[in-house]
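Presented below is the structure to which this report refers.
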Amino acid sequence: MDKIGINTVKRTEFVDITSKVEKIVKDSKIKDGLCVIFCPHTTAGLTINENADPSVKKDIIEHLEDLVPSGKNYLHSEGNSDAHIKSSLLGNSLNIIIEDGSLTLGTWQGIYFCEFDGPRERQVWIKIINNA
Amino acid sequence: MDKIGINTVKRTEFVDITSKVEKIVKDSKIKDGLCVIFCPHTTAGLTINENADPSVKKDIIEHLEDLVPSGKNYLHSEGNSDAHIKSSLLGNSLNIIIEDGSLTLGTWQGIYFCEFDGPRERQVWIKIINNA
Amino acid sequence: MDKIGINTVKRTEFVDITSKVEKIVKDSKIKDGLCVIFCPHTTAGLTINENADPSVKKDIIEHLEDLVPSGKNYLHSEGNSDAHIKSSLLGNSLNIIIEDGSLTLGTWQGIYFCEFDGPRERQVWIKIINNA
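Protein chains in written order, with my numbering: chain A, 105 to 236; chain B, 105 to 236; chain C, 105 to 236.
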């Protein structure tokens, strides 16, 4: 598998990793298959959403904070339970179809690493399944 | 890959696509593998849930609206941020195991395309991974 | 595919299935590929989250109950609509990369079967996709 390193700079932040994933798919030379993206962290996640207006990701981040407030009195003593819950709500893996050697995303779709307990050094793992 | 076209008729609507996905799997003649279902839109999603009592999907739709109200004052100027957020909460891809040439779903499971910003012309993309 | 049987003992409960999934992967002798985990129930789900402090799973369970109260007056007459909604929020399948014959999880990651309408006899289905 391939790994993408990400240095997040805020506690909560969505980082667009689309071009890095596309490069890994191109470099694999695999024409037909599946690109699996996996987040190995429990206080971060992955999502696919709009790649055009940056206010969309701000709205998602702010609304997740409304739904799962960081300041609530949780049991877990590290003070980052909201990040664990947000991770489970968005999920930690994605599947994208590969055809003709390229990722097939919709027009407005970008791939985001979702940091919920940064800043930290993070990784995303990429596995290409060959269907040829 | 195969594509399913869907014309939604309401702003928010869950469309059962189970039989269309099953037909694609049958027609592929692949006996053993994985069916990946991908939604290429950022204001729609996919989920697997109960296929019997239609009140379940109504409860899911109404409760998602309680959690992510369409009328909240979001930043994104197109007025559909709730649809983007609902899309990220449910997710935009599904995996279903193929055995003996069939999708293996649980007894009460149906596959739903989840429209959150309709009515629109939509697509769902299907990729069959052959494990033989 | 392989099946894991789970007998849940409470209405809501997260059951760690990591070691059972790891054993299935080892026994498959497949060195390189993808492990797909599928929950065939509509009132349960699957998630990957922290495997160390058990208070994390308690926080997730309690906060999901805050977001989707079991006592709300839903349409569905079986009285378990909250469980269906929680199932769609967490999702019912997971992907984990297999390399060198092992599941590749992050240091703090465990795999959880999420019961939302127990106690019941449940199953989890495991499919190993061989990429060799």
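Just so you know, even glycine gets a beta-carbon here, dropped at the ideal spot from N, CA and C.
Values in this document were obtained by computation on a predicted structure and should not be read as measured data.
So which residues of chain C does residue i contact, with C-beta pairs closer than 7 Å?
i: A:His180; result: Asp157, Ser159, Val160 and Asp163
i: A:Ser132; result: Within 7 Å Cβ-Cβ: nothing; A:Ser132 doesn't reach chain C, min ~12 Å.
i: B:Glu154; result: Thr146 and His188
i: A:Ser185; result: Val160 and Asp163
For a contact meaning CB atoms closer than 7 Å, what does residue i contact in chain B?
i: A:His167; result: Val172 and Ile189
i: A:Thr151; result: Ser192
Note down the Cα distance separating residue i from residue j, rounded to an integer number of angstroms.
i: B:Val228; j: B:Lys107; result: 6 Å
i: A:Ile232; j: B:Asn199; result: 16 Å
i: A:Ile110; j: C:Lys190; result: 30 Å
i: B:Asp136; j: B:Ile230; result: 16 Å
i: A:Leu143; j: C:Leu209; result: Reading off the sequence, residue 143 of chain A comes out as Cys, not Leu. Between A:Cys143 and C:Leu209, the C-alpha separation is close to 9 Å.
i: A:Asp221; j: C:Glu225; result: 36 Å
i: C:Tyr125; j: B:Ser181; result: It is Val, not Tyr, that sits at residue 125 of chain C in the sequence shown. Rounded to whole angstroms, C:Val125 to B:Ser181 spans 45 Å at the Cα level.
i: A:Leu171; j: B:Ile121; result: 30 Å
i: C:Ser174; j: C:His167; result: 12 Å
i: A:Thr116; j: A:Asp186; result: 11 Å
i: C:Ser123; j: B:Leu207; result: 27 Å
i: B:Ala236; j: C:Glu203; result: 19 Å
i: A:Gly205; j: C:Thr146; result: 36 Å
i: A:Ile165; j: B:Lys133; result: 43 Å
i: C:Thr211; j: C:Ala156; result: 10 Å
i: A:Pro223; j: A:Asn184; result: 13 Å
i: A:Ile201; j: C:Ser192; result: 22 Å
i: A:Phe118; j: A:Lys161; result: 7 Å
i: B:Leu179; j: A:Ser159; result: 6 Å
i: C:Asp131; j: C:Ile141; result: 16 Å
i: C:Glu219; j: C:Lys114; result: 8 Å
i: B:Asp163; j: C:Glu169; result: 15 Å
i: B:Asn177; j: B:Asn234; result: 46 Å
i: B:Thr112; j: B:Ser197; result: 19 Å
i: C:His188; j: B:Val129; result: 26 Å
i: C:Gly101; j: B:Gly195; result: Because chain C spans 105 through 236 in this model, residue 101 of chain C falls outside it and cannot be assessed.
i: B:Cys139; j: B:Met105; result: 11 Å
i: B:Arg154; j: B:Lys127; result: Before going on, a small fix: residue 154 of chain B reads as Glu here, not Arg. Distance between the alpha carbons of B:Glu154 and B:Lys127 is about 20 Å.
Could you please give me the residues that DSSP links to residue i through a beta bridge?
i: A:Cys218; result: A:Phe118 and A:Gly149
i: B:Glu295; result: What the structure shows of chain B is the stretch from 105 to 236, and residue 295 of chain B is not part of that stretch, so it cannot be assessed.
i: C:Asn109; result: It should be pointed out that residue 109 of chain C corresponds to Gly in this sequence rather than to Asn. According to DSSP, which records beta bridges pairwise, C:Gly109 is partnered with C:Gln227.
i: B:Ile232; result: B:Cys139
i: C:Ser197; result: C:Phe142
i: B:Glu166; result: Answer is none; B:Glu166 lacks a bridge partner.
i: B:Glu154; result: B:Gln213
Starting from residue i, find everything on chain A with Cβ-Cβ shorter than 7 Å and list it in chain order.
i: B:Lys140; result: With the sequence shown as reference, residue 140 of chain B is identified as Val, and Lys is not the correct amino acid for it. The contacting residues are Leu138, Asn199 and Ile201.
Strictly below 9 Å CB to CB, what residues from chain C border residue i?
i: A:Lys107; result: Residues of chain C passing the Cβ test: none, with the nearest at roughly 10 Å.
Just to make sure I have the definition right: I need the residues of chain A whose C-beta is within less than 8 Å of the C-beta of residue i. Which are they?
i: B:Asn111; result: By Cβ distance, chain A contributes nothing, its closest Cβ being about 17 Å from B:Asn111, past 8 Å.
For a contact meaning CB atoms closer than 9 Å, what does residue i contact in chain B?
i: C:Asn234; result: Asn235
Taking 8 Å as the CB-CB limit, is residue i close to chain E?
i: B:Asp106; result: As a matter of chain content, chain E is missing from the structure shown, whose protein chains are A, B and C.
**Request:** Note down, in chain order, all residues in the stretch 190-209 of chain C with a beta-carbon under 8 Å from any beta-carbon belonging to chain A.
**Result:** Leu193, Leu194, Gly195, Leu198, Asn199, Ile200, Ile201, Glu203, Thr208 and Leu209
**Asked** Touch check for the stretch 212-223 of chain C and the stretch 142-157 of chain C: three-plus C-beta pairs under 8 Å?
**Response** With a cut-off of 8 Å, the stretch 142-157 of chain C and the stretch 212-223 of chain C count as touching, because enough Cβ pairs lie within range.
**Request:** Could you list the residues in the stretch 209-232 of chain B with a C-beta less than 8 Å from some C-beta on chain C, going in chain order?
**Result:** Leu209, Gly210, Thr211, Trp212 and Gln213
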